[in-house]
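Chains as they are written, first to last, in this note's numbering: chain A, 1 to 265; chain B, 266 to 530.
Every residue gets a Cβ at the ideal spot worked out from N, C-alpha and C, and that includes glycine.
The structure appears right after this line, and notes come after that.
Protein chains: 2
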Amino acid sequence: MSNLLVDIAQASHRVLLTQASPIDLRSNVAGKAYLAFRSGDRLSRPINKALFVFDENELLRRLAAFMNDRAAHLASADGPSTLYTIAMSYCAASDTVRLLDKKTPATYFEIFAGHLLADRFGANPQTSATVLNLDMKGDLPTDFIFDLGAGRSKFHVPIKISTRERVIQVWAHQRVLDGIYGAGRFRGLLVALTETKLDRKKLDVVEICLPDQWRVYQMFIAQLDRIYYLDPPAAYARLATGYPIVNVRPFSSFFSEADLLSGPS
Amino acid sequence: MSNLLVDIAQASHRVLLTQASPIDLRSNVAGKAYLAFRSGDRLSRPINKALFVFDENELLRRLAAFMNDRAAHLASADGPSTLYTIAMSYCAASDTVRLLDKKTPATYFEIFAGHLLADRFGANPQTSATVLNLDMKGDLPTDFIFDLGAGRSKFHVPIKISTRERVIQVWAHQRVLDGIYGAGRFRGLLVALTETKLDRKKLDVVEICLPDQWRVYQMFIAQLDRIYYLDPPAAYARLATGYPIVNVRPFSSFFSEADLLSGPS
């Protein structure tokens, strides 16, 4: 499975470099510069230049290191840009070959992040939880659920390309799990790629963030343990430093802190 | 404002009858028969035949009775079909003149239902709630909020053409209000038009309902007081009869029970 991710990353990266041309975008995000790949009428999503490995040989070196020891490579200083380049190569290449297809990149990203989590946890995910109540018994469809077994943590892991206005669903699902199984039984980990939005006419990029709403959700709906981004927006990263704490971190952090998270909470 | 709704209903109804042709749809919903209006390439959403007033003179009589005493007419036996015909005439006419425009009917429906609620409550809605906490003070954007004043109820009123998979947001917003202001301070009333889905190739109609998920949300996220439909799906209406109670009712019921709901809960 990791092999397959590496093959897809390499092929997608080559599509971008050989069948599309990079164009600079105007960034309205402080401290971040973006480009997009264009092929005919089709324009990729914005790519954060500082996080994307453009050089093919360097990417091959990264992918070899990743295959050699996945957790060690992803927890290293190279982790953030390796993760971003693998995920973004496929999504951007898909944008340049299919017009406005949102579903395939979202499915890819869920499989990509889900696999890396399963690999690090050493456990496969489920996608439903049992509801047992006085008046009903059944299965509730969920995002990925990882159960590491007796005495270790269970995780509720929604995976999204970006969160936008639908993110309240993530806190609401966490609330349902807290209600069914008790608070603290499932740690909520949200994994997201980015919050960029490209204006296709003006060719400028913004990040869309609603940090005050997230604070309200974290205080009043449920508590998520981590929100991991492949390209963390500064407005959300700041939430990790003030009350109420919303622990927004680079996804690469997961690979070093997974053991800590997996112990008793 | 009520005048405007009546004018729009009458004009839209005439567009459907004179510039479009009714075609029968195959119904996969037990006990309900549907048609759609077609104009050239454009096909309206499905219309429940038993709830739609097709005859223009009968509609004019209804609209006159509505203008004469809105609450009394809507609480009468004519209420369900008058409400449905006013709302559906505009939405279906819009479908036959603009291809796949979802936003205008949704905005119209929100104004339509919001106005009728404001008229019945004798209070105008707000669309934000104040958040006051140890660490922040600000305004949270919300659906319609009706505050009837000291000693009377406050209402949280989301209004949707259909609920689909996004409905968990409604329970989550209710949870936020319960958290900020205390349980029972805001009564949650969801108003929805219908849950039909039309297959445009096969010309058949289904209702998409997830009653078990609603029961889980009602048990574990927050409690909504009422879910009003202009065309209540049977699968949801049944939720009003078993535990956990989800009080799904025809929207016309609101006009007779509004005083009861407005007292202390």
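Proximity test, Cβ basis, 7 Å: residue i and chain A
i	result
Y508 (chain B)	yes
V396 (chain B)	yes
I424 (chain B)	no
F386 (chain B)	no
R440 (chain B)	yes
V228 (chain B)	Limits of chain B in this structure are 266 at one end and 530 at the other, which puts residue 228 (chain B) out of reach.
V271 (chain B)	no
D408 (chain B)	no
G379 (chain B)	no
Cβ of residue i within 7 Å of any chain B Cβ
i	result
A266 (chain A)	The displayed coordinates of chain A run from 1 to 265. Any statement about residue 266 (chain A) would go beyond what the structure contains.
Q169 (chain A)	yes
R238 (chain A)	no
I47 (chain A)	no
R187 (chain A)	no
D212 (chain A)	yes
F220 (chain A)	yes
V206 (chain A)	no
L190 (chain A)	no
G184 (chain A)	no
D101 (chain A)	no
G31 (chain A)	no
L224 (chain A)	no
D78 (chain A)	no
D135 (chain A)	yes
L51 (chain A)	no
G263 (chain A)	no
G151 (chain A)	no
G138 (chain A)	yes
G40 (chain A)	no
V216 (chain A)	yes
Cβ-heavy atom distance, residue i to the ligand NAP, below 6 Å
i	result
G379 (chain B)	Of ligands this structure carries none, so the ligand NAP is not represented either.
Cβ neighbour criterion (16 or more within 10 Å) applied to residue i
i	result
A77 (chain A)	exposed
P406 (chain B)	exposed
E56 (chain A)	exposed
H102 (chain A)	Reading the sequence as shown, one finds Lys at residue 102 (chain A) and not His. Label assigned to K102 (chain A): exposed.
A487 (chain B)	buried
G379 (chain B)	buried
I510 (chain B)	exposed
A295 (chain B)	exposed
R440 (chain B)	buried
T506 (chain B)	exposed
Y508 (chain B)	exposed
T350 (chain B)	buried
G122 (chain A)	exposed
L286 (chain B)	Reading off the sequence, residue 286 (chain B) comes out as Ser, not Leu. Exposed, because fewer than 16 other Cβ atoms sit within 10 Å of the Cβ of S286 (chain B).
E460 (chain B)	buried
T428 (chain B)	buried
G93 (chain A)	One point to set straight first is that residue 93 (chain A) is Ala, not Gly, in the sequence displayed. With 16 or more other Cβ atoms within 10 Å, it is buried.
T361 (chain B)	buried
L116 (chain A)	buried
M255 (chain B)	Residue 255 (chain B) falls outside the range modelled here, since chain B spans only 266 to 530, and no answer is possible.
S267 (chain B)	exposed
R452 (chain B)	buried
G182 (chain A)	exposed
Which residues DSSP lists as bridging residue i, in chain order
i	result
T395 (chain B)	B:D404
D199 (chain A)	A:D204
N313 (chain B)	B:Y299
L230 (chain A)	Its beta-bridge partners do not exist; DSSP assigns none.
V422 (chain B)	B:F409
L308 (chain B)	B:R303
S76 (chain A)	DSSP output for S76 (chain A) lists no bridge partner at all.
V513 (chain B)	B:I492
P22 (chain A)	A:F37
S292 (chain B)	B:V470
Endpoints, alpha helix (DSSP H) assigned at residue i
i	result
K368 (chain B)	K368 to F386
S89 (chain A)	G79 to V97
A523 (chain B)	F516 to S527
L281 (chain B)	S267 to Q284
L227 (chain B)	With chain B covering 266 to 530 only, the question about residue 227 (chain B) has no answer from this structure.
V481 (chain B)	P476 to F485
V441 (chain B)	I433 to Y446
Delimiting residues of the beta strand (DSSP E) encompassing residue i
i	result
L455 (chain B)	F451 to A457
V318 (chain B)	It is not in any beta strand (DSSP E) - V318 (chain B) carries neither H nor E in the DSSP assignment.
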